[in-house]
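Number of protein chains: 2
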Amino acid sequence: MLLVYTWLKIFIPITILSLAVLVPVNWTNSTLDNSRNIQFSDIDDLSISNIPKGSQRFWAHLGMSYVFTFWTCYILLKEYGIVASMRLHFLASAKRRPDQFTVLVRNVPPDPDETVSELIEHFFLVHHPDHYLMHQVVYDAKKLGKLVQERKQMKNWLDYYELKYERNSSERPTCKQTGFWGLHGKKVDAIDFYTSKIDKLSKDEARERENITTNPKYIMPAAFVSFRTRWGAAVCAQTQQTRNPTSWLTEWAPEPRDVYWENLAIPFVSLTIRQLIMTVALFFLTFFYIVPISLVQYLANIEGLEKAAPFLKPLTEIHVVKSFIQGFLPGIVLKIFLIFLPTILMIMSKFEGFISLSALQRRSASKYYIFILVNVFLASIITGTAFEQLDSFIHQSANEIPKTIGVSIPMKATFFITYIMVDGWAGIAGEILRLIPLITYHLKNSFLVKTEKDREEAMDPGSIQFGASEPRIQLYFLLGLVYAAITPILLPFILIFFGLAYVVFRHQIINVYNQEYESAAAFWPDVHRRIITALVISQMLLIGLLSTNEAADSTPVLIPLPVLTIWFHRFCKNRYKSAFSKYPLQEAHIKDTLERAREPNLDLRAYLLNAYVHPVFKDEENNNRVSSDEEKELENALVPTKRQSCKNTPVSSKHGCSPSPLLPS
Amino acid sequence: MLLVYTWLKIFIPITILSLAVLVPVNWTNSTLDNSRNIQFSDIDDLSISNIPKGSQRFWAHLGMSYVFTFWTCYILLKEYGIVASMRLHFLASAKRRPDQFTVLVRNVPPDPDETVSELIEHFFLVHHPDHYLMHQVVYDAKKLGKLVQERKQMKNWLDYYELKYERNSSERPTCKQTGFWGLHGKKVDAIDFYTSKIDKLSKDEARERENITTNPKYIMPAAFVSFRTRWGAAVCAQTQQTRNPTSWLTEWAPEPRDVYWENLAIPFVSLTIRQLIMTVALFFLTFFYIVPISLVQYLANIEGLEKAAPFLKPLTEIHVVKSFIQGFLPGIVLKIFLIFLPTILMIMSKFEGFISLSALQRRSASKYYIFILVNVFLASIITGTAFEQLDSFIHQSANEIPKTIGVSIPMKATFFITYIMVDGWAGIAGEILRLIPLITYHLKNSFLVKTEKDREEAMDPGSIQFGASEPRIQLYFLLGLVYAAITPILLPFILIFFGLAYVVFRHQIINVYNQEYESAAAFWPDVHRRIITALVISQMLLIGLLSTNEAADSTPVLIPLPVLTIWFHRFCKNRYKSAFSKYPLQEAHIKDTLERAREPNLDLRAYLLNAYVHPVFKDEENNNRVSSDEEKELENALVPTKRQSCKNTPVSSKHGCSPSPLLPS
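Residue numbers (numbering that gives the first Met the number 0), protein chains in the order written: chain E, 0 to 664; chain P, 0 to 664.
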């Protein structure tokens, strides 16, 4: 949202300037007219290729490159400041939230004499005597979660059969007792069967629940520790507790609904090893993903299939089947892989051990961006697989690489215009039409939906996936910056894309999607870093391109540009980054004082009691109470939404006039 | 000290193993015997060059490379742990130090209504109400410092003339009133002259002193804030105070004698710009230092001199002068530059704005290491200036660079053996003889020393310069690692160097040098990083060398090695680095509790009152009191030292049996 808005702010002046200055400069040459017989198209008349080698006109491109960089950096600096202050304002805004008082403690060392809970209590009573309030240990509730899930399913079936019985009470419904999807087995009375099953599961569940609370084996060495004041929590989250920096690790607790419970108990050494493994895996995924795909594609062609499964031979001899396999299957295999790629990356990020959904999303986005950069941007410019490129880059000298890429950039302009229209514009149109969710909904409705609750679930629009959509939009930003100085005619297409994206995502976020969590713009430093990366790439490529065009006297003038850009990034990081990882003591203190004055009798313990309980321990009623609580607050929201689902209604930020301006993308 | 000890621990097993395994493997080939007519020496018989191309024997070198890496990493891991725990133990040891209670606050924002001092007091009284004790603002005392210095000089002259008068009271001594070094001007009575001068200076000083304390213009926006408890100081140093992360910056106060006062008031934006400028300057210094040197060398030869200064012509026609200029001057110009290099780097670091002497030393050491790496190591292997290398590296492909360097490495073994003997062994011998300080002392004694105080000052051995000596020793470590798998015969030479260095520096540090400050091993992470750099360089070069020797099937086995080494570095950094930048709350709390129990009536305010006063404000007597205070504690030191100067006697660390084990190098 804010992202696309920033991009628009950056790109509108760049587009105007680039069209006004560079198009005439390029157009009034006639280099390409003389060599028209080669593969140049009309668009190239307006691009840098139309300028003769060694011309003094390259100074215009060079100057514009400086102008674009400074403009982008200026907007970025301003936006970083705005986002940081909005984030602090949001955190400081009057609403009380459990995560303001709570710190997540991990890697609590084992103690032979005390339980984890006692140990944590004693530790914080000693070292934060004036501020410690209470704590909530983390239970290993995987098994319980499964049981609860199963019981819910059974309850759903029971509801279905009871409904059936109500409608037609002449005959008690029956079902098949066991086995594969209830397709075979002995016929039994369905209502009795499911009632008894639910009874059994309830008993199991109760036993497991008791087990968890009594058996210390189920207690993980992590806890949510709450403090009397925000000041106390801010101090504890930002300091090191003990001599060993790998035990008693404290950090801000994520929002309760943002916690990824499974990763809370990973020990420190294991974390670093997991990160190493995933870095290597990402490298292989990016550069060698084509290997398994080719393997599957090979298996998926006729000969491969016939070899692997000879019994299919009669089938594959049929003409239609044969042409389908030969024509579509290889493409579909690749498409399926690309559709599942964000999920694969998310699984990789989960394996790395991040503890909040927002961090997982951010990490997946970084991985996805690298993949897109290598396999879409580079692979389109220099044809060949990523692996082949890697090989050729290793064998090229450091100053050859930007040249190789730079030279082919102007020639690919037409391709990228098509790409923007097919992938970008169509993608946005698809987003507003939501065709796939519509189809999925109707499929689900016909085959799976049995009760009202099922229908509600099938209609759930889900939440926007930052990890999958932001890197894709970043690609267009990169294209815009790279072509701004080279083929300015590409810019209006990107501008239209951003305009559409702004309108559509604004609508979707306000009216369609649920908000899974509130990260308070924690993703911004990542976005900023990727924009800087795009800037540096565009500068390097321009240097490469100019140096092949015998503009030898002007090219060295460009070299300070990447140095300054990287320095600018460091400056911004020092200046603003801490707003995204730390909570200033002054703010905490002011809020504490205000609250004490306003609500002197506030029972904070009661407020925090159930905030960080594992979701399976929360009762249904409890859940409803919270959501109706939030419903009440929604009345203050500035923009009335058209949504009907009352699941996870978002909290408005109350800062700007634009609603939820901090939502991802 | 500890550094050299670590290196010995790493190198003794490597040397033994390398000599036992690789020398026989290399020696039992006869490749070089067949091509004896080329430029190979006897040493090459024992090196990797003696193995025929494509031989299976390369597996031995490969295996040893893994063994060396794992051994080095194992020792490093253990040492990092030991150093970290020694540091924490040192910080936690029973002695009370002012810096444990004190935090340095910088970038205090200006306030129209309050003075800096009031503003600081109010801020901390509000935000750290239970812990704030007092603060000491920082004055801009540059001018006062100059005055004090001048008065001291005058006092010295006065002492000298009074001594002269005492010895020969028949005649009052005279001196020349003004001008260049007192060589011309009117003759006046010396004692009267200097007495009046001192009077004038004293008055100026008193006025300046009053000026500083009353005029708010002299107060810099920085202060040393002291807290009632270590816990309070630890909390304040590790947290962010306000919303703006560039104002009210808090960090641990360095030891009082470690503070670099001039840099305390540099604003944030200026800091980042200074760093950018110095990074660029370092790049040019490293790669283009030869340009100004050549210019001076050109001017310093006969023709240049005659052109630049024609009036010298009769002089340069004399044979002796001519041959001196032609033979020595160019070499001496380079030597003088190299002698002044650490000073130049230190000035650069000071410009970057670090606030403690130890940080300045660490930063200079990093710069010096980069310079040595490029201009000694690389320049010796690939002959040519650094600038020529840079040019050739840019034009080579990424996998060609290790090959180019790797191939020439075995050929340079003889050169480096000579280098180790000439520069390393002789340097150590020079260190123990302290020839230059001896000569300087006698020169000073003959020409400059006038009073007893002057003699004491001339005898001052100075303190060990971490920034100049550590990177030089690191170079030998790099050589050892690089040649361990290639020409093992080089290792005994390096081992002798480290052995000598250990004995000599141990003696020098205990008996000769003064300790300027106590950094409590804060330099260790830097040393660790440089050792890891050396490891990775040695691995890359081995990969390059093996890939040219047609050992194609074995080379890829080496690729995981640098990846694992870099990961190991990250692991160590996460595991131990925080011990060098943070002070755990638990430790602080334990120490506070102990102290409260032992000395319930301690007047902390009186203890801290003058701790962080600018040195020019401290009186002479005050200074003496402190040093006699420390003298008393010295009685507990385990090793009696032979030093006589009572300046800055070090504080023993009381941890191991080795005295001051944490001293640099």
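A virtual CB, placed ideally from N, CA and C, is assigned to each residue, including glycine.
Source: prediction; values computed, not measured.
Look up residue i in the DSSP assignment and say whether it is helix, strand or coil.
i        : result
E:ALA665 : Limits of chain E in this structure are 0 at one end and 664 at the other, which puts residue 665 of chain E out of reach.
E:VAL612 : coil
E:ILE485 : coil
P:MET353 : The sequence shown places Phe at residue 353 of chain P, not Met. DSSP places P:PHE353 in coil when its eight states are reduced to three.
P:LEU601 : coil
P:TRP247 : coil
P:THR173 : strand
E:LYS52  : coil
E:LYS186 : strand
So that I know if they touch, is there some Cβ in chain A lying closer than 8 Å to that of residue i?
i       : result
P:GLN99 : Among the chains of the structure shown, chain A does not appear; the protein chains present are E and P.
Please work out which residues of its chain come closer than 8 Å, Cβ to Cβ, to residue i, disregarding the five sequence neighbours upstream and downstream, and give them in chain order.
i        : result
P:ARG35  : Residue placement at P:ARG35 is flagged as unreliable, the pLDDT there being 47, under the threshold of 50; the coordinate-derived value follows with that caveat. Closer than 8 Å at the Cβ level, and outside the excluded window around P:ARG35, lies no residue.
P:TYR4   : TYR501
P:ASN621 : Because P:ASN621 carries a pLDDT of 45, less than 50, the predicted location of this residue cannot be relied on, and no value is offered for it.
P:ILE190 : LEU157, TYR160, GLU161, TYR164, ARG171 and PRO172
P:TRP424 : ILE495, PHE496 and LEU499
With distances taken Cα to Cα, identify the nearest neighbour of residue i among the options.
i        : options                                   : result
E:THR212 : E:ALA140, E:ASN167 and E:SER246           : E:ALA140
P:VAL612 : P:ASP191, P:ILE218, P:HIS441 and P:ILE404 : P:ILE218
E:GLY479 : E:VAL503, E:THR403, E:ASP525 and E:SER537 : E:SER537
E:LEU270 : E:ILE542, E:GLU351 and E:PRO244           : E:GLU351
P:PHE665 : P:PRO491, P:VAL562 and P:LEU437           : Past the boundaries of the shown model lies residue 665 of chain P; chain P is included only from 0 to 664, so the question cannot be answered.
P:PRO253 : P:ALA205, P:ARG208, P:PHE579 and P:SER348 : P:PHE579
E:HIS127 : P:TYR606, P:ILE589 and P:ARG208           : P:ILE589
P:PHE100 : P:ALA428, P:LEU607 and P:PRO614           : P:LEU607
E:PRO614 : E:VAL22, E:THR486, E:LEU143 and E:LYS77   : E:LEU143
E:PHE476 : E:ILE530, E:ALA428 and E:THR486           : E:ILE530
P:ASN243 : E:LYS94, E:MET85, E:PHE465 and E:PHE567   : E:MET85
E:ILE50  : E:ALA484, E:PHE122, E:PHE616 and E:PRO313 : E:ALA484
E:SER293 : E:PRO313, E:LEU328, E:LYS312 and E:LEU474 : E:LEU328
P:LYS411 : P:THR114, P:ILE427, P:LEU377 and P:PRO401 : P:LEU377
With a CB to CB cut of under 7 Å and the five nearest residues on each side skipped, what residues in its chain are close to residue i?
i        : result
P:ILE15  : none
P:ILE317 : none
Tell me which same chain residues have a C-beta within less than 6 Å of the C-beta of residue i, skipping the five on either side of it?
i        : result
P:ASP666 : Given a span of 0 to 664 for chain P in the structure shown, any question on residue 666 of chain P remains unanswerable.
E:GLY405 : LEU540, GLY543 and LEU544
P:ILE9   : THR71 and ILE74
P:ARG361 : PHE522 and ASP525
P:VAL625 : Caution is warranted here: a pLDDT of 43 is assigned to P:VAL625, below 50, making its placement in the model unreliable, and no coordinate value can be reported.
E:ALA233 : TYR582, LEU584 and ALA587
* **alpha helix (DSSP H) segments (min. 4 residues) lying fully within the region 78 to 142 of chain E** => 97 to 100 and 115 to 126
* **Cβ contact check for the region 214 to 229 of chain E and the region 119 to 138 of chain E: 3 or more pairs under 8 Å** => yes
* Would you be able to state if there are at least three C-beta pairs under 8 Å between the region 580 to 596 of chain P and the region 238 to 257 of chain E? => yes
* To do: Determine, using beta-carbon pairs with one atom in the region 102 to 117 of chain E and one in the region 593 to 603 of chain E, whether at least three such pairs fall under 8 Å.
  => no
* Asked: Contact between the region 353 to 366 of chain P and the region 519 to 533 of chain P: three or more CB pairs below 8 Å?
  -> yes
* Those runs of the beta strand (DSSP E) which lie wholly inside the region 206 to 237 of chain E and span at least 3 residues -> 218 to 226
* Asked: Do the region 156 to 175 of chain P and the region 269 to 283 of chain P touch if we need at least three Cβ pairs shorter than 8 Å?
  -> no
* the region 74 to 88 of chain E in contact with the region 559 to 578 of chain E per 3-pair CB rule at 8 Å -> yes
* Asked: Quick one: complete alpha helix (DSSP H) runs, 4+ long, within the region 411 to 435 of chain E?
  -> 412 to 418 and 425 to 432
* To do: Could you tell me whether the region 49 to 69 of chain P touches the region 16 to 28 of chain P, using the rule of 3 or more Cβ pairs below 8 Å?
  => yes
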